[in-house]
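*Asks:*
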Amino acid sequence: MAKKLAFDKVLFAVVMGLTALGLGMVYTASGPAAEAHGASHGMLLRQGLAAALGFGAMFVMMHVDYRVLRRRPVVYSLLGGTVVLLLVVLFSPTVNEARRWLFVGPFSFQPSELAKFVLIGYLAYQIDAKSERAAENQLVAAGLGATLLLAGLVQLEPDLGTAILIGGAGLMMLFLGGLRWRWIVGCALVAVLVVSMLVVAAPWRMERIEAFLDPSTDIVDTGYQPWQSLIAIGSGGVTGRGVGASVQRLSYLPLPYSDFIFAILAEELGLLGGVALLALLGVLLWRGVRAGLAAPDRFGSLLAFGITGVIVLQSLLNISVAVCLLPTTGIPLPFLSYGGSSLLVTLTASGVLLNVSQHG
Amino acid sequence: MSARVVLLVGALALWAAAVAGRLVQLQVVEHGRFGALAARQQQRLEELAPPRGAIFDAKGRRLAASMEVQSAFADPTLPEFPGVAPFVRQVEKALPARDLSGLRERFEPGRRFVWVARQLEPAEAERLEEARIPGLRFDTESRRFYPMGSLASHVLGFVGIDHVGLEGLEYLYDEEIRGTPGWRRVVHDGEGRPVERPGAVAPRPGADLHLEIDAAIQYVVERVLRRTVREHRAEGGSAVVLDPRTGGVLALASMPDFDPGSFATAGPDQRRNRAVVDHYEPGSTLKMVTATAAIEAGLVEPDDRIDCLNGAITLERGIRIRDHHPYGLLSFRDVIAKSSNVGTIRVGLHVGATRLHERLQAFGFGRRTGVDLPSETAGLLPPAESWREPWTTAYISFGQGLSATSLQIANAFAAVAGGGTLYRPRVVSRIVRRDGVEERRPEVAGRPLEPDTARVVTSLLEGVVEPGGTATRAAVPGHRVAGKSGSGQQVDLADVGAGYSDRIMASFVGWVPSRDPRLVILVAIDHPRNGPDEGGYVAAPAFREMATEILAYLGVPASDDRLWDPDDGAEPTLHRVAAAALPLGSEGTPRPVEAGGLPEFSGLSARQAVLASARLGLQVRLHGRGFVGRQSPPAGTPFEQVGPALDLWLQEGVAR
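Chains A and B, in that order, are what the protein sequence lines are. When the letters of the first sequence are read in order and numbered with our numbering, they come out as residues 18 to 377. When the letters of the second sequence are read in order and numbered with our numbering, they come out as residues 3 to 658.
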């Protein structure tokens, strides 16, 4: 092929833009003004370090042919390694009543962040390996098995939000892989049933649902965070309060740099900022799907669709929680929320996506 | 696969569109509501208290002033708040001298703001701040100070804890001197700490009041009145000093008094401004009005002879009125000088109810003088139609059967002293506002008598103080005095039916110098219980002492060469008068000592000491540098024994 291989510049720009926006938002939400209000010193520094590492990993993945990921040993060692990490994390110290972090020296890592992209790679491999309809039963067994295994392990931490996201990612891959509708619908119904049981079984989750259904009735307790998020977003108006002018980050909205960072963005940058973020995600979706459609093979397509889909899906889930369209789930906003694991893994996956885009 | 990709993309796009719609709803449609909710939790309006205007005496001495002080409050909703009981314990430990009873009860559930201790002394505020009690916050408030203590307390009044004047000038001129509060908008974080102050309206300071009252004169009057009340075991007393040329109130005092800085501990008896609130039957002082009416009507001349019927007159229905001493024929001059009731009644009956009533009204009786002090009473002047001839007229002609306040009586005498012009008495001479100065001009309230009549009445009243008169004890060395004593019998208000009780209001009212009046002074002693209770015995010496010292203070040269032989023979010394000008214990002045005499200089700076010595009429020799440590002669030495110079030894670094 004489064609010169070049990754998608627009996609690259969107990834860089989202990361830069994320660093800015972490700074304003945790910076000097917020330090007196529970934000620990040097959050921006840690996030910047994670971004630097992430960019490194992204550039590596951009230059490693994605087809390496289709090799059986690579697929299984990634899956196996992830499972081991998810098992090890169950014996890690408890933080906020959950065991989600592996601690290595001064660093910590969330294996569940890795799990969703590993699952996408694994399912892309499985779907690519089985022919269209013939081996559906095998596909269902392998695909659902891996999805349930990873989601189940994450739920043991416990981390229902990420477990749901992993389940959704798996179902999305199987759907794209051509699994028949009845399977898809059946799996979705079972998933809804399981999640409902988990919610009913845990009182705090039930409270979150009740607080979601009417946020103004419980604004001091469980509903406090979503209610303060609404106040932040609503008071931002069309143009926002201005960069660095959020008041809600000052001991009103708890952990403003974390899962509810979108509320601070919407307070400071207003409707324009919020819609701009949605537009960036839209461009990401468009260019990611475009890369998938142009990929030279089925594995590459599925990889591109999966990575793009899970980033957009997670973003929409997170923002929907911030605007109170969904109950509180506790998943971060990709690229924006404070958290090194999320940023590192998302940038690495973006590297894979950009590598696929070279073939467009 | 591409169909399913389109489906997936479509679903995600729809979802994003739903989120965007939600954002429009929250940030455009409901922006107002959420903006208000945000403002409600993020902002508060803080009132900025305006500085209350000061009150100055006629010489610019500060009588009342406001200072910014710290007040402490608690926010029990703060996370660091340790709970009511431990909190109160810590506050009590830091403020052992303060009464904190009731603090515990103020912590009602749900309150975010509880006053802990308001208007702290600087030392208290420092201790509280050092104690670092969690949940305790401070706010700046203004506090009223009265640098001269209880001086002129009834005139000044006082200010409540919420900066509202409650009595006296503080009450009457509250709107002028209170100022207008300002506001400050504060954006605060979730724990109430201020983040920014986006807007403020500065408070407008209140106006300053300048008074006709002279603190030095007021001090003399209060000192003499206090001692007179005590010596005669009287229930109380009042004194008024007026400038007959302008109606200015130079001093106005009531006893017992109080410290307006701690008014809450004073009882109603102490707080009452007797000089304008209490009205009583004046007694013989009002014979002045009868004499004025008779002379102006041409009914009598000073040298006309009047038969005083050997001391008793019988009116209708067998009512007999007696004199203290039986007199036969007396000149009208002597009727007044010796205060014969019988002689006055005979003249009064000749004047008649109508003319006497008219004259009393002209002198301002039966209505308020209009002085700028609150709660003034009008006294009782029965309408002429209700007078029963002849005996109501008889009683009223010697000052019984009607009531008046000390200020009314003093003001009526001021009209005679001033040659016939009745002024509206005036306490405030000047209101200094931020946008200009309002001068209060003398205000004429009437002309109750002709100047010629005033001259004749003056000569009659001079006789009262001269040998043979009832009030020789009012005589002032070096000046002629015109005046009248009174011993008004009072009806016990608890038992009106019983008629007059043994309660006497012993008074003297007069002016000096009699032909060039500078001062009208009234002294009224309520119910003296120690020895004789006549005004000429009880009140006249107080008049004399006040007049002597005030004239010296004002530098009025002697106007009469005739030698007097005053009972105590004490010539006022310049030192005593100068000390009167310093009735202070305030910052930068020597502290007075209990026994009187030379005050305590220690702790003053060299400059303050020199200034204070100069005001005391003393030269000073300074030794060393810094602040005064030792002095010679020591504090408490009577001024008479203090030589021309005072020695002060300074040492460095011991300011008080």
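We treat Cβ as the ideally placed atom computed from N, Cα and C, and that holds for glycine.
#1: Can you tell me whether R443(B) is helix, strand or coil according to DSSP?
#2: Is any beta-carbon of chain B found at less than 7 Å from that of V306(A)?
#3: When DSSP labels each residue in this structure, what does T316(B) get in the three-state scheme?
#4: If I measure Cβ to Cβ from K26(A) and keep anything under 8 Å in the same chain, skipping five residues before and after, which residues do I get?
#5: Run through the DSSP bridge pairs and tell me what S607(B) is partnered with.
#6: Would you decide whether R87(A) is buried or exposed? Buried here means 16 or more other CB atoms lie within 10 Å of its CB.
#7: Tell me, please, which residues DSSP counts as bridged to M257(B).
#8: Please classify V344(B): is it buried, with 16 or more other beta-carbons within 10 angstroms of its beta-carbon, or exposed?
#9: Excluding the 5 residues flanking V118(B) on each side, which residues of the same chain have their C-beta closer than 7 Å to its C-beta?
#10: If you measure between the beta carbons of T356(B) and K289(B), is that distance less than 7 Å?
#11: Give, in chain order, every residue of the stretch 170 to 195 of chain A whose Cβ lies closer than 9 Å to some Cβ of chain B.
#12: Tell me which same chain residues have a C-beta within less than 6 Å of the C-beta of D649(B), skipping the five on either side of it?
#13: Would you say V498(B) and T550(B) are within 7 Å of each other, going by their C-beta atoms?
#14: Considering P196(B), what are the terminal residues of the beta strand (DSSP E) in which it resides?
#15: Would you call the stretch 337 to 344 of chain A in contact with the stretch 8 to 22 of chain B, where contact means no fewer than 3 C-beta pairs closer than 8 Å?
#16: Name the DSSP beta bridge partners of A406(B), please?
#17: Mind listing the chain B neighbours of Y269(A)? Cutoff is C-beta to C-beta under 9 Å, in chain order.
#18: Counting contacts by CB-CB distance shorter than 7 Å, is A22(B) in contact with chain A?
#19: V644(B) by DSSP, collapsed to three states: which one?
#20: Cα separation between G239(B) and V493(B)?
#21: If I follow the unbroken alpha helix (DSSP H) through D724(B), where does it start and stop?
#22: Which word fits I321(B), buried or exposed, when buried means at least 16 other C-beta atoms lie within 10 angstroms of its C-beta?
#23: Where does Y175(B) sit, in a helix, a strand or coil, going by DSSP?
#24: Does any residue of chain B bring its CB to less than 7 Å from the CB of V264(A)?
#25: Compare the Cα-Cα distances from M42(A) to each of Y93(A), I328(A), F279(A), V300(A) and report the closest residue.
#26: Answer yes or no: does any C-beta atom of chain B fall closer than 7 Å to that of L342(A)?
#27: Compute the distance between the beta-carbons of F545(B) and V525(B), then report whether it is under 7 Å.
#28: Report, in whole angstroms, the separation of the C-beta atoms of V434(B) and H212(B), which I expect to be a contact under 8 Å.
#29: Which class does L188(A) belong to by DSSP, given the choice of helix, strand or coil?
#30: Return the residue from the list I163(B), F510(B), Q402(B) that minimises the CA-CA distance to A266(B).
#31: Between which two residues does the beta strand (DSSP E) containing K133(A) stretch?
#32: Mind checking which residues open and close the beta strand (DSSP E) that includes Q45(B)?
#33: Measuring CB to CB, does A541(B) end up less than 7 Å from A508(B)?
#34: Quick check on the burial criterion: 16 or more other C-beta atoms within 10 angstroms. Buried or exposed for W198(A)?
#35: Would you grab the beta carbon distance between L107(A) and I183(A) for me? Rounded to a whole angstrom, and I think it's under 8 Å.
#36: At a threshold of 6 Å, does V106(A) count as lining the ligand NAD (C-beta to nearest heavy atom)?
*Replies:* In short:
#1: R443(B) falls in the coil class under three-state DSSP.
#2: Yes, V306(A) counts as interfacial toward chain B.
#3: Reduced to three states, the DSSP call for T316(B) is strand.
#4: No residues qualify anywhere along the chain.
#5: Beta bridge pairing from DSSP links S607(B) with F629(B).
#6: In the assembly as shown, R87(A) is a buried residue. Its beta-carbon has 16 or more other beta-carbons within 10 Å.
#7: The partner list for M257(B) (beta bridge, DSSP) reads G239(B).
#8: Classification of V344(B): buried, given that the 10 Å Cβ count is 16 or more.
#9: In its chain, beyond the 5 residues on either side, A74, F75, A76, V93, L105, L138 have a beta carbon closer than 7 Å to the beta carbon of V118(B).
#10: Against a cut-off of 7 Å, the Cβ pair of K289(B) and T356(B) comes out as no contact.
#11: Correct list: M189, F192, L193, G194, G195.
#12: Around D649(B), the same chain offers R623, S634 as residues with beta carbons nearer than 6 Å, after the five sequence neighbours per side are excluded.
#13: Annotated as distal: V498(B) and T550(B), with beta-carbon spacing of 7 Å or more.
#14: It spans 196 to 203 - the beta strand (DSSP E) in which P196(B) sits, taken as one unbroken run.
#15: By the C-beta criterion, the stretch 337 to 344 of chain A is judged to be in contact with the stretch 8 to 22 of chain B, since at least 3 inter-stretch pairs fall below 8 Å.
#16: Paired residues: Y282(B).
#17: Y269(A) reaches chain B at A40, Q43, Q44, D191, G192, counting residues in chain order whose Cβ is nearer than 9 Å.
#18: The beta carbon of A22(B) falls within 7 Å of a beta carbon belonging to chain A, placing the residue at that interface.
#19: Correct three-state label for V644(B): coil.
#20: Roughly 17 Å separates the two Cα atoms.
#21: In this structure chain B extends from 3 to 658, so residue 724(B) is not present and cannot be described.
#22: By the C-beta density criterion, I321(B) is exposed, having fewer than 16 other C-beta atoms within 10 angstroms.
#23: When secondary structure is reduced to three states using DSSP, Y175(B) falls in the coil class, being assigned neither helix nor strand.
#24: Closer than 7 Å to some Cβ of chain B, the Cβ of V264(A) qualifies, so yes.
#25: Taking only the C-alpha atoms, the option nearest M42(A) is F279(A).
#26: At least one CB atom of chain B sits nearer than 7 Å to the CB of L342(A).
#27: Their beta carbons are under 7 Å apart, which means F545(B) touches V525(B) by this criterion.
#28: About 7 Å separates the two Cβ atoms, so the contact holds.
#29: Secondary structure at L188(A): helix, using DSSP grouped into helix, strand and coil.
#30: For A266(B), the nearest C-alpha among the options comes from I163(B).
#31: It is not in any beta strand (DSSP E) - K133(A) instead sits in the alpha helix (DSSP H) that spans 128 to 146.
#32: Counting along the chain, the beta strand (DSSP E) containing Q45(B) begins and ends at 45 to 50.
#33: Yes, these two residues count as a Cβ contact at 7 Å.
#34: Within 10 angstroms of the beta-carbon of W198(A) lie fewer than 16 other beta-carbons, which makes it exposed.
#35: 16 Å between Cβ atoms; not a contact.
#36: This structure does not include the ligand NAD; it has no bound ligands of any sort.
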